[in-house]
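Trainee: The sequence shown begins at 165 in our numbering and counts up by one. Glycine included, every Cβ here is placed at the ideal spot set by N, Cα and C.
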Amino acid sequence: MKKWVWFSLILILGISLWDFYYFLWAPFGRGGIFYVEKGMGVSQIAAQLESQGFIRSELAFKLWAKFAKPKNLHFGEYEIPPLTRIKDILTQMEIGQTRHFPLIIPEGLTFREIGDRVKKAGLLGNEKWSELFADGQLKAKLGFEVVNLEGYLFPSTYQYDGHTTAPQLLEEMIEGFNREFNQSLRAQSQALGMSIPQVMTLASIIEKETGAAVERPMIGGVFHNRLKKGMRLETDPTVIYGIQNFDGNLTRAHLLDPHPYNTYVHPGLPPGPIANPGLASIKAALYPVQHEYLFFVSKGDGTHYFSKTYDEHLAAVQKYQLGQK
């Protein structure tokens, strides 16, 4: 064979190899957000990637997918950097590296307040948030009997994408609770003779009574002391929880209203949690400080004054609440 023929074959092979690299491996694309809808196959994804300027060739994407044989391409919202190779785009979709956003759920929010954040994030579909409050399938994931989900949505920062649903998010929050309320805490609950719902109810009251973390075990001790003596808890947050459309002004009429959550009227714990407490408040309910205090009053600076007798408590109220010495 003549030299020019060999040269031509080598040239053609070189061009072919370059084309293979160019279409499959060379970085390309404007970068940006790309949506993979549920049920889309390789051909549809390839066509849209090319039409939107993320890849050079629809055919090249399909050829690489046929060679790589990805097990599954996850639907969702992807953030594809500029100059990304076909191989890397396919890998991103195979592992489901979708674009996520944080949803911050701080300690002490009620189910309704969490719902406001979920709605704002656009995670509610056809279902209504109120319908999920006592959803049987979600309650069953706790593994013990509860009236509703109040108290069992663990405060944390959760990640969601464009396809996350409200029920999926609630499942994650319940999983967070089951993970944090571990065997050690469950054993302590049994040692105190308290059910998990009772612990969570007390923890939610502690959560709403103070923002000072150092005080929570002290306040937990006050409530344990009152429960042991058969005293009413007489805590404002429980009363407020039972008021429909509370306007921020707690009146004497509210304190006399015999709704189930009014601990000024009914002895013992209310029917269930009044918020979703964090781990510190849960531990304060389970490991309270041992003391003889039965009362506390806000000092107006975020902390409280603790008293052993009612007369001492009245004097503290005069000093800190009414501004009198």
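Roughly how many angstroms lie between the CA atoms of ILE209 and ARG281, to the nearest whole one?
Mentor: Working through the sequence shown from its first residue, we reach residue 209 at position 45. Working through the sequence shown from its first residue, we reach residue 281 at position 117. Straight-line Cα distance between these residues: approximately 33 Å.
Trainee: Counting C-beta neighbours from all protein chains within 10 Å, is the total for ILE383 16 or more, i.e. buried, or is it exposed?
Mentor: Here residue 383 is taken as the residue at index 219 of the sequence shown, counted from 1. Its Cβ being crowded by 16 or more others within 10 Å, ILE383 is buried.
Trainee: Are the Cβ atoms of PHE345 and LEU313 separated by less than 8 Å?
Mentor: Locating residue 345 in the sequence shown gives position 181, counting from the first residue. Locating residue 313 in the sequence shown gives position 149, counting from the first residue. No; because the gap between Cβ atoms is not below 8 Å, this pair is not in contact.
Trainee: What are the boundary residues of the alpha helix (DSSP H) that HIS418 is part of?
Mentor: One-based indexing of the sequence shown puts residue 418 at position 254. HIS418 -> alpha helix (DSSP H) spans 416 to 420.
Trainee: Per DSSP, PHE192 forms a beta bridge with which residues?
Mentor: For this step, residue 192 is matched to residue 28 along the sequence shown. Its beta-bridge partners are THR248.
Trainee: With which residues is GLU241 paired in a DSSP beta bridge?
Mentor: In the sequence shown, the residue the question calls residue 241 occupies position 77. TYR199, per the DSSP bridge assignment.
Trainee: Give, in chain order, every unbroken run of the alpha helix (DSSP H) that is at least 4 residues long and sits entirely within the stretch 432 to 470.
Mentor: Listed in chain order, the complete alpha helix (DSSP H) runs (minimum 4 residues) inside the stretch 432 to 470 are 443 to 450.
Trainee: Give me the residue from MET337, LEU247, GLU335, ILE360 with the minimum Cα distance to GLN347.
Mentor: Reading the sequence shown from its first residue, position 183 is the one you call residue 347. Of the candidates MET337, LEU247, GLU335, ILE360, the one whose C-alpha sits nearest the C-alpha of GLN347 is ILE360.
Trainee: Considering only the alpha carbon of each residue, which of GLY307, GLY289, TYR469 lies closest to GLN332?
Mentor: Start at 1 with the first residue of the sequence shown, and residue 332 comes out as number 168. When only C-alpha atoms are compared, the closest one is GLY289.
Trainee: Please identify the residue among ILE244, GLU201, LEU397 whose C-alpha is closest to the C-alpha of LEU237.
Mentor: For the purposes of this step, residue 237 is taken as the residue at position 73 of the sequence shown. Closest by alpha carbon: GLU201.
Trainee: How big is the Cα-Cα spacing for LEU334 and GLY203?
Mentor: The residue labelled residue 334 in the question sits at position 170 within the sequence shown. The residue labelled residue 203 in the question sits at position 39 within the sequence shown. Roughly 25 Å between the two C-alpha positions.
Trainee: Mind checking who LEU267 pairs with in its DSSP beta bridge?
Mentor: Working through the sequence shown from its first residue, we reach residue 267 at position 103. Per DSSP, TYR322.
Trainee: So ARG380 and ALA448 are supposed to be a Cβ contact under 8 Å. How far apart are they, rounded?
Mentor: By one-based count along the sequence shown, residue 380 stands at place 216. By one-based count along the sequence shown, residue 448 stands at place 284. At roughly 4 Å, the Cβ-Cβ gap stays under 8 Å, so ARG380 and ALA448 are in contact.
Trainee: Going by alpha carbons, who is nearest to VAL429 out of PRO452, ASP400, PRO437, ASN409?
Mentor: Indexing the sequence shown from 1 puts residue 429 at position 265. Ranking PRO452, ASP400, PRO437, ASN409 by Cα distance to VAL429 puts ASP400 first.
Trainee: Counting Cβ pairs closer than 8 Å, one from the stretch 302 to 318 and one from the stretch 435 to 443, do we hit at least three?
Mentor: Yes, they touch.
Trainee: What runs of the alpha helix (DSSP H), each 4 residues or longer, lie entirely inside the stretch 305 to 372?
Mentor: Taking only runs of at least 4 residues, the alpha helix (DSSP H) segments lying wholly in the stretch 305 to 372 are 330 to 344, 347 to 355.
Trainee: Under 8 Å, do LEU366 and LEU433 count as touching if we go by C-beta distance?
Mentor: Here residue 366 is taken as the residue at index 202 of the sequence shown, counted from 1. Here residue 433 is taken as the residue at index 269 of the sequence shown, counted from 1. Cβ distance < 8 Å, so LEU366 and LEU433 count as in contact.
Trainee: Would a C-beta distance cut-off of 8 Å place ARG263 and TYR242 closer than the cut-off?
Mentor: Here the question's residue 263 lines up with position 99 in the sequence shown. Here the question's residue 242 lines up with position 78 in the sequence shown. Yes, the Cβ-Cβ distance between ARG263 and TYR242 is below 8 Å.
Trainee: Are there three or more Cβ pairs, one per stretch, closer than 8 Å when the stretch 464 to 473 is compared with the stretch 295 to 306?
Mentor: No, because fewer than three Cβ pairs between the stretch 464 to 473 and the stretch 295 to 306 fall closer than 8 Å, the two stretches do not touch.
Trainee: Using the Cα positions of TRP182 and TYR199, report the straight-line distance between them to the nearest angstrom.
Mentor: Reading the sequence shown from its first residue, position 18 is the one you call residue 182. Reading the sequence shown from its first residue, position 35 is the one you call residue 199. Low confidence applies to TRP182: its pLDDT is 49, below 50, so where it sits in the model is not reliable, and the reading given next is rough at best. Answer to the nearest angstrom: the Cα atoms are 30 Å apart.
Trainee: Could you check the C-alpha separation between ARG471 and SER353 for me, to the nearest Å?
Mentor: Counting from 1 along the sequence shown, the entry for residue 471 is found at position 307. Counting from 1 along the sequence shown, the entry for residue 353 is found at position 189. Position check: residue 471 holds Ser in this sequence, whereas Arg was assumed. So the two alpha carbons sit approximately 27 Å from each other.
Trainee: Short check: CB of GLY240 to CB of ASP325, under 8 Å?
Mentor: The residue labelled residue 240 in the question sits at position 76 within the sequence shown. The residue labelled residue 325 in the question sits at position 161 within the sequence shown. Yes, Cβ-Cβ distance for GLY240 and ASP325 is below 8 Å.
Trainee: Considering only C-alpha positions, which residue in the set GLY217, ARG416, LYS372, GLY394 is nearest to LEU247?
Mentor: Reading the sequence shown from its first residue, position 83 is the one you call residue 247. Of the listed residues, the one whose Cα sits closest to LEU247 is GLY217.
Trainee: Rounded C-beta distance between PHE231 and LEU213? I'm assuming under 8 Å.
Mentor: For the purposes of this step, residue 231 is taken as residue 67 along the sequence shown, with counting starting at 1. For the purposes of this step, residue 213 is taken as residue 49 along the sequence shown, with counting starting at 1. The pair is not a contact, with the Cβ atoms about 17 Å apart (cut-off 8 Å).
Trainee: Which whole-angstrom value is the C-beta distance of VAL453 and ALA480, which I expect to be below 8 Å?
Mentor: Taking the sequence shown and counting its residues from 1, the one referred to as residue 453 is at position 289. Taking the sequence shown and counting its residues from 1, the one referred to as residue 480 is at position 316. VAL453 to ALA480, Cβ: 18 Å. No contact.
Trainee: Suppose you measure from the CA of GLY375 to the CA of SER368; what does that come to, to the nearest Å?
Mentor: In the sequence shown, residue 375 corresponds to position 211, counting from 1. In the sequence shown, residue 368 corresponds to position 204, counting from 1. Going from the Cα of GLY375 to the Cα of SER368 covers about 12 Å.
Trainee: Mind checking which residues open and close the alpha helix (DSSP H) that includes TRP293?
Mentor: Against the sequence shown, residue 293 aligns to sequence position 129. No alpha helix (DSSP H) holds TRP293; DSSP gives it neither H nor E.
Trainee: Does the beta-carbon distance from TRP293 to LYS305 come in below 8 Å?
Mentor: Along the sequence shown, read from residue 1 onward, the residue named residue 293 stands at position 129. Along the sequence shown, read from residue 1 onward, the residue named residue 305 stands at position 141. No, they are not a contact pair.
Trainee: I need the DSSP call for GLY218, collapsed to helix, strand or coil.
Mentor: The count along the sequence shown starts at 1 and reaches residue 218 at position 54. Checking the sequence shown, residue 218 turns out to be Phe, not Gly. Coil.
Trainee: In chain order, what residues of the same chain lie with their CB nearer than 7 Å to the CB of ARG416, ignoring the 5 residues before and after it?
Mentor: Stepping through the sequence shown from its first residue, residue 416 is reached at position 252. Once the five neighbours on either side are set aside, ARG416 has no close Cβ partner at all.
Trainee: Would you kindly work out how many angstroms separate the C-alpha atoms of LEU397 and PRO431, rounded to a whole number?
Mentor: As a working note, residue 397 is residue 233 in the sequence shown. As a working note, residue 431 is residue 267 in the sequence shown. Going by the C-alpha atoms only, they are around 7 Å apart.
Trainee: By Cβ distance below 6 Å, which residues in the same chain neighbour GLY279 in space, the five residues on each side in sequence not counted?
Mentor: For the purposes of this step, residue 279 is identified with residue 115 of the sequence shown, where counting begins at 1. Result list for GLY279: TRP293, in chain order.
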